[in-house]
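Q: First the structure, which I've put down as structure tokens, then a few questions once you've had a look.
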Amino acid sequence: MGNRSMSETETLGHPGGRLLAHYRNRHGGLSQQELATQVDCSRSMVAQIESGTRLPSSQLLSAMSQALRLNAVERAILFSLYDKVEPDQISMLPYVVAVLCLDPMLRADQIESLIRLVVQEYKMAIVVGSQP
2 MGNRSMSETE TLGHPGGRLL AHYRNRHGGL SQQELATQVD CSRSMVAQIE SGTRLPSSQL
62 LSAMSQALRL NAVERAILFS LYDKVEPDQI SMLPYVVAVL CLDPMLRADQ IESLIRLVVQ
122 EYKMAIVVGS QP
């Protein structure tokens, strides 16, 4: 695993880019170059996607999700962020996760704990909402 520079983890654009960088650092511990090699694209493309200056194709996003060993919830959140960019168009769960990931004051472990709590609450709301 290579050393990562600050520019590899800074993202200011699309919230999906920030989340993708978070997943890359957390799950795989991969550098941008290592991820790029696994998904057959350039390091600069990974950097552009993470910075929000370029949007990934569905095929590339799927390959990245597999390389990072994302679970079904993580994949769904990531894909939904790229399907709907505006906050009023994004379902509440991915929007909350994106906001958490964009908070520079939170550490990765705090973000993960909050995401788990949000997902748990989301699941409870679905169960309660589906009861007659």
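For my numbering, add 1 to where a residue sits in the sequence shown, where the first one is 1. Ideal Cβ positions, reconstructed from N, Cα and C, are used throughout, including at glycine.
Identify whether N26 lies in helix, strand or coil by the three-state DSSP scheme.
A: helix
Q: Quick check on the DSSP output: the alpha helix (DSSP H) that includes L62 runs from which residue to which?
A: From DSSP, the alpha helix (DSSP H) with L62 extends over 59-68.
Q: Would you kindly work out how many angstroms separate the C-alpha atoms of A109 and S59, rounded to a whole number?
A: 26 Å
Q: Given a cut-off of 9 Å on the beta-carbon distance, is the pair V47 and R70 in contact?
A: No, Cβ-Cβ distance for V47 and R70 is not below 9 Å.
Q: How far does the alpha helix (DSSP H) with R55 in it extend, from its first residue to its last?
A: Taken as a continuous stretch (DSSP letters only), R55 belongs to no alpha helix (DSSP H), as it is neither H nor E.
Q: Just to confirm before moving on: does the CB-CB distance between P16 and A77 stay below 9 Å?
A: no
Q: CB-CB under 7 Å to E40, same chain, minus the five flanking residues each way: which ones, in chain order?
A: Looking at the sequence itself, residue 40 is Val, so the reference to Glu does not match. Excluding positions up to five away in sequence, the list reads L61, A64, M65, A68.
Q: I need the straight-line Cα distance from I116 to E51, nearest angstrom please.
A: When rounded, the distance between both Cα atoms is 20 Å.
Q: Of all the options M106, H23, G53, C102, which has the alpha carbon lying nearest to the alpha carbon of G14?
A: G53
Q: Indicate the three-state DSSP secondary structure (helix, strand or coil) for G17 in the structure shown.
A: helix
Q: Measure the C-alpha to C-alpha separation of V74 and A22 and round it to an integer number of angstroms.
A: 16 Å
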